[in-house]
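Asker: One structure, as structure tokens, below. Some questions next.
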Amino acid sequence: MQFQEFKIDNLEQFPKELETLLASQLATIERLSKNDDFTYEGVVKPLQELDEELGAFFTPLSHLNSVENSDATQKAYEESLPQLSKFSSTVAQNEALYQKLKKIKADDAEAKRVLEHDVRDFVLSGADLTLEEKKELEDIEMKLSELGNNFSQNLLNATNGFEMIVEDEKDVAEIPESDLALARTEVEGKTVYKFTLQIPSYLAYMTYGSSRAYREEMAKAYASRAPENAEVIDELMALRQKKAKLLGFESFSAYSLATKDASSTDVVTKFLEELAEKALPQAKEELKELQEFALRTDGIESLQGFDVAYYSEKLKKEKFDFDDSMTKPYFEQANVLRGMLDVVSELFAVTFKAVEVSVWNEKVKVFDIYKAEKLSGRIYFDLEARESKRGGAWMHDWETHYVDVEGQTHLPSAFVVGNFSPSTDENPSLLRHDDVVTLFHEMGHAIHHLFGTCKERSVSGINGVAWDVVEFPSQFLEAFAYEKPILKRFAFHYETQEPMSDELLNKIKDTKNYQAALGILRQVEFSLFDFNLHKKLYQGDEVQALLDGIRETTALLAVPKYNKFQNGFAHIFAGGYAAGYYSYKWAEVLSADAFYACLDEVSGFNQEKADGYLHYILNRGGSEDMSVLYQKWLGREPKVESLLKLYGIEA
Ligand SMILES: [Zn+2]
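The opening position of the sequence shown corresponds to residue 71 in the numbering used here, with each subsequent residue numbered one higher.
Now the structure itself:
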């Protein structure tokens, strides 16, 4: 099959065309739910093709709205969203379809998996409940979304309700000019510096602000934001627990795991505790080094939480004397991209051929992917920052690999988007090392989608992959971007063509591992708090007591009483991470373990293991649990020690 052409003929007409498409899809779904056909081929296959059809149509608009944003894209996008949400809730409430799916049998393993997921999703949205219970669930959902909004709003108000004015130049003397420029302001004809609790401003003072008193003032303001959120948390937790019980789960944590790779709540808690225990000895060493440094340089006898970022930055400078500007000239975008594609080509025996096809911006580069001379996918790179593009970096899947009702194979395509420094007529685009890592990361997501070879669309590529393992293939590829043999392939000075020195190559890795154990402990603290909080109902002071208990292991410095971190933990109280924050570390263990299996310190990688990774992991998408795929590949479970090794921690 041919790839879609990237174009939207008429943005103004788009919502109207979407309406027509959705209406025709609803009619098809209605017909499939009610006819006499109870075969997989006759019902579930065509349903999946509707998903592909909708994605193929809508993705260009959502993509364009992110990368070439304009009033016209916004308007079309905003008019489309309510239609899509109405459509999906109509489908989710289709009782006849649910009853039918439960009766359909499939022989093929992939098809069984698709059915399993479809039925599961119906159950999780309440399909098995009585009418009364359904109403109750609906009320809970509504209330939960309101409470999430309240939580964010309280936090936002508190964040915006604070400012700190610094008058004396000596108290801002160490702050870099780029940060200082943002803080500089005039009050009654006098130049002063204003700091707020917005993250860039807050971090600028905590990292470079030399006054201890000011750092303490900021830390206190930050950690005691939105006390009224304590009540919101109580209500949220009560409702989440109620929802989980209604759907037949023992706790919200157990409900969360119903769609994840981790097998049980105990497994998650044990995993996090093990990680903390193994990182602890080195974390203590890291803290001791920092305490000694603060004593030696400034006579600080008792290092406090609000000193940590400041002295960490200074110690880092003393130890490594290293910053982005030293490596940037060696990372010319075109070289990095070519180098990365070479690495992927060798690892997975594919070739990338540049093609000229229609795109949304002249800077976009497109490649067709060939596997054993056979066309197998297409990838678009849009890497440079511009005003019309939203910030950050991401991968967006467009088409999916699958075999349709007629037996035709469809090929996958995806977009990799970044915001790297733009090239000009005089200068090439130069990347920071962080950007190089980001590019590898997003490419890891892209090949998870593009190298999928499943026949069933709903479990092919990144489709059907559990949330706590989606970052596995991205972090896997990212890990290569710190390795000398890999970097040496493309790190050449853009003017002199000189290769990067070993000294610089070493520093790239060493700075990554700086205070890594302390970082792990912090992540474990957040994850354990989130996960255990959702294991049973905690209310009022019990919430703080739970956090204090976890901190007995994870916090190496005493936490002051004013610190109410939980009231600002928007990821889990106002975002999608509830009982899921552990996923970052969970996926990272898989990535690290897989990485060491595939790494060869001399040549870069172990070809035989890379073949296995392609065959068992990338090709299989969401067709089986990741833990099962992993077991099939290496014949064992991933080891927590691999993650520690990745950060240079001896355990
Ligand atoms: Zn990612």
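All residues carry an ideal CB built from backbone N, CA and C; glycine is no exception.
Less than 8 Å between the beta carbons of Asn-135 and Thr-143, yes or no?
Answerer: Closer than 8 Å, so yes.
Asker: For ligand 1, any of its heavy atoms closer than 7 Å to the Cβ of His-511?
Answerer: At least one heavy atom of ligand 1 is nearer than 7 Å to the Cβ of His-511, so yes.
Asker: For Glu-359, collect the residues of the same chain with a Cβ closer than 8 Å to its Cβ; drop the 5 residues on either side in sequence, then sort them by chain order.
Answerer: Contacts found: Leu-385.
Asker: Quick one: what's got a C-beta closer than 8 Å to Val-672's C-beta in the same chain, skipping five residues either side?
Answerer: Once the five neighbours on either side are set aside, the close Cβ partners of Val-672 are Pro-555.
Asker: Could you say if the region 394 to 409 and the region 493 to 503 meet the contact criterion of at least three C-beta pairs nearer than 8 Å?
Answerer: Contact holds: three or more Cβ-Cβ distances are below 8 Å.
Asker: Quick one: is Pro-482 buried, meaning 16 or more other Cβ sit within 10 Å of its Cβ, or exposed?
Answerer: Flag for Pro-482 reads buried.
Asker: Just reading off the beta strand (DSSP E) that Ile-78 is part of, what are its end residues?
Answerer: Segment: none, Ile-78 is in no beta strand (DSSP E) and carries neither H nor E.
Asker: Under three-state DSSP, which class holds Arg-183?
Answerer: Here Arg-183 sits in helix by DSSP.
Asker: Please state if the CB of Ile-642 and the CB of Asp-600 are separated by a distance shorter than 8 Å.
Answerer: Against a cut-off of 8 Å, the Cβ pair of Ile-642 and Asp-600 comes out as a contact.
Asker: Which two residues bound the contiguous alpha helix (DSSP H) that contains Lys-433?
Answerer: No alpha helix (DSSP H) holds Lys-433; DSSP gives it neither H nor E.
Asker: I'd like to check one pair, Ala-667 with Lys-679: are the Cβ atoms closer than 8 Å?
Answerer: For Lys-679 and Ala-667, yes; Cβs fall inside 8 Å.
Asker: Between the Cα of Leu-92 and the Cα atoms of Leu-350, Leu-154, Thr-266 and Ser-103, which residue gives the shortest distance?
Answerer: Taking only the C-alpha atoms, the option nearest Leu-92 is Leu-154.
Asker: Between Lys-290 and the rest of its own chain, which residues show a CB-CB distance below 6 Å, the 5 nearest in sequence each way excluded?
Answerer: The residues are Tyr-632.
Asker: With respect to 7 Å, is the separation between the Cβ of Ser-323 and the closest non-hydrogen atom of ligand 1 below this value?
Answerer: Not under cutoff, so the answer is no.
Asker: At which residues does the alpha helix (DSSP H) containing Ala-93 begin and terminate?
Answerer: That run of the alpha helix (DSSP H) goes 84 to 104.
Asker: How is the alpha helix (DSSP H) around Phe-635 delimited, first residue to last?
Answerer: Where Phe-635 is concerned, there is no enclosing alpha helix (DSSP H), given that its DSSP letter is neither H nor E.
Asker: For the beta strand (DSSP E) containing Arg-254, list its first residue and its last residue.
Answerer: Residues 254 to 257.
Asker: Counting C-beta neighbours from all protein chains within 10 Å, is the total for Glu-75 16 or more, i.e. buried, or is it exposed?
Answerer: By the 10 Å Cβ count, Glu-75 comes out exposed.
Asker: Pick from Trp-703, Ile-719 and Leu-598: whose alpha carbon is nearest that of Asn-583?
Answerer: The candidate whose alpha carbon is nearest that of Asn-583 is Ile-719.
Asker: Could you check whether Ser-491 and Ala-516 sit closer than 8 Å to each other, using their CB atoms as the reference points?
Answerer: No, the Cβ-Cβ distance between Ala-516 and Ser-491 is not below 8 Å.
Asker: Which first and last residues belong to the alpha helix (DSSP H) in which Lys-384 is found?
Answerer: First-last of the alpha helix (DSSP H) with Lys-384: 378 to 390.
Asker: Where do the N-terminal and C-terminal ends of the alpha helix (DSSP H) with Thr-109 fall, by residue?
Answerer: Run containing Thr-109: none; DSSP gives neither H nor E here.
Asker: Could you check which residue in Phe-108, Lys-577 and Gly-462 has the C-alpha nearest to that of Glu-392?
Answerer: Here residue 392 is Phe; the residue named in the question, Glu, does not match the sequence. Out of Phe-108, Lys-577 and Gly-462, Lys-577 has the C-alpha closest to the C-alpha of Phe-392.
Asker: Can you list, in chain order, the residues of its chain whose CB lies under 7 Å from that of Thr-494, leaving out five sequence neighbours each side?
Answerer: Closer than 7 Å at the Cβ level, and outside the excluded window around Thr-494, lies no residue.
Asker: Per DSSP, what kind of secondary structure is Leu-501 in: helix, strand or coil?
Answerer: Looking at Leu-501 - three-state DSSP - the assignment turns out to be coil, as it is neither helix nor strand.
Asker: Do you know offhand how far Lys-156's Cα is from Glu-180's?
Answerer: Those two C-alpha atoms are separated by around 29 Å.
Asker: On a CA-only basis, which of Pro-85, Val-137 and Tyr-110 is nearest Arg-460? Give me that one, please.
Answerer: Nearest C-alpha to Arg-460: Val-137.
Asker: I'd like to confirm something about His-515: is its beta-carbon nearer than 7 Å to some heavy atom of ligand 1, or not?
Answerer: Yes; taking the cut-off as 7 Å, the Cβ of His-515 has a heavy atom of ligand 1 nearer than that.
Asker: For the region 608 to 668, list the alpha helix (DSSP H) runs that are entirely contained and at least 4 residues long, ordered along the chain.
Answerer: Segments of the alpha helix (DSSP H) lying fully in the region 608 to 668: 611 to 624, 640 to 643 and 653 to 668.
Asker: My output table needs one value for Gly-125: the three-state DSSP class, helix, strand or coil.
Answerer: Looking at Gly-125 - three-state DSSP - the assignment turns out to be helix.
Asker: Once you ignore the five residues that flank Trp-464 on each side, which residues in its own chain have a CB closer than 6 Å to its CB?
Answerer: Correct list, in chain order: Val-487.
Asker: Between Gly-514 and Glu-548, which are expected to be in contact by the criterion C-beta below 8 Å, what is the C-beta distance as a whole number of angstroms?
Answerer: Between Glu-548 and Gly-514 the Cβ distance is about 6 Å, and since that is below 8 Å, they are a contact.
Asker: May I ask you to report which of helix, strand or coil DSSP gives Ala-455?
Answerer: Coil, per DSSP.
Asker: Between the C-alpha atoms of Gln-478 and Tyr-608, what's the straight-line distance to the nearest angstrom?
Answerer: Each residue's alpha carbon lies about 53 Å from the other.
Asker: Would you kindly work out how many angstroms separate the C-alpha atoms of Arg-32 and Phe-376, rounded to a whole number?
Answerer: One cannot answer for residue 32 here, as it falls past the ends of the chain, which runs 71 to 721.
Asker: Should Ser-333 be labelled buried (16 or more other beta-carbon atoms within 10 Å of its own) or exposed?
Answerer: Ser-333 should be labelled exposed.
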